Amino acid sequence: MLETVENNFIKSYRVRNSMKALDRVRKELSPPAYRRFKDLLRYRLYGEDFDREPIDYRIAVAFSMGSDSTATLLILRWAGFNVVPVMVRLPQMSDVVLMRAGEYGAVLVKAPNYMEIMKEQIKKKAPICGRCHSMVMDAVKDYARREGIKIVASGDLLSVGSLSIYKQEDLINLNFPAFLAMDKEETINVLNRKYALGFGCPLWRAASKNAPILKRFGIQRVMRELRAGALNEKFAKKLILDILAQ
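Rendered as structure tokens:
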């Protein structure tokens, strides 16, 4: 499921920092959940096997059917957590995506006023990905609060170290691939199937045709992930060419 990173200086350094971040939120977790997270990090770092018997600790995963959130879901379930995939139903999602999400047991929720806000962003020719992400995460967190779930996990690759797991208000944010110092290639490998790598959702693709400046913002995002080591050069090149082809 996961490769060890003991001999990778950068990734092992990041995993050790994740251990420190985990210790800072230890009091917010149940003892079994803390131990399981700790065991998972040690498995990632040293390859030490651990007990993966299911534990009664729920985690809400912001689920989009993309490689990063799907890998997050699969690894957490493999590690024994009780994972609830929460998909925010967006207008640009196809019926096929929604059907496949149901196969993972996804719960569908809504983001209030989503299209009104997105249309305003597009009208201003402003970036839409960050605004969309914040609305999605707010909707997932609202669901978690209603259900009494204390941890909300995302497929964020960039927020490593102290930002990989932290308390915000009444919830714990877990940026899971970053927590394990994973890169894009690793999250795709976890899926164990062919994956069509491309940039942007249908809404972004439509918006970029009317506001080409969005392509520049997209390329900047790819380059940021490349510099951070979340993408390799091959993937970055493919994504940039995909952006320019829109």
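This note's numbering applies: residue 1 is where the sequence shown begins, and numbers increase by one. Heads up, the beta-carbon is just placed ideally off N, CA and C, and yes, glycines get one too. If you're wondering where the values come from, they're calculated on a predicted model, not measured in any experiment.
- One Cα belongs to residue 159, the other to residue 210, and the distance between them is close to 31 Å.
- DSSP, read as helix, strand or coil, puts residue 245 in coil.
- Listed in chain order, the beta strand (DSSP E) runs fully inside the segment 33-68 are 58-62, counting runs of at least 3 residues.
- Ranked by how close their Cα comes to the Cα of residue 186, the residues 202, 164, 171, 157 have 157 in first place.
- Looking at the DSSP output, residue 109 sits in a beta bridge with 88.
- In the assembly as shown, residue 115 is an exposed residue. Its beta-carbon has fewer than 16 other beta-carbons within 10 Å.
- Residue 45 and residue 4 do touch by the CB rule: their CB atoms are close to 7 Å apart, below 8 Å.
- The segment 136-153 and the segment 225-245 do not touch, with fewer than 3 CB-CB distances between them shorter than 8 Å.
- Judged by their CB atoms, residue 10 and residue 161 are not nearer to each other than the 9 Å cut-off.
- Here residue 85 is near residue 101, since their CB atoms are less than 9 Å apart.
- Ranked by Cα distance from residue 30, the first of 17, 96, 59 is 59.
- A buried status is given to residue 68, since no fewer than 16 other beta-carbon atoms sit within 10 Å of its beta-carbon.
- The three-state secondary structure of residue 192, taken from DSSP, is coil.
- In the DSSP assignment, residue 152 falls outside any alpha helix (DSSP H) and within the unbroken beta strand (DSSP E) covering 151-154.
- Residue pairing of residue 174 in beta bridges, as defined by DSSP: 153, 165.
- Counting C-beta atoms within 10 angstroms of its own C-beta, residue 196 has fewer than 16 neighbours from the protein chains shown and is therefore classed as exposed.
- About 6 Å separates the CB atoms of residue 21 and residue 164; that is less than 8 Å, so the two are in contact.
- Here residue 15 is near residue 181, since their CB atoms are less than 9 Å apart.
- Counting only residues of its own chain and dropping the five nearest sequence neighbours on each side, residue 175 has a CB closer than 6 Å to the CB of 154, 156, 159, 164.
- Annotation: the continuous alpha helix (DSSP H) that includes residue 132 extends over 129-147.
- In the three-state DSSP reduction, residue 96 falls in the helix class (H, G or I).
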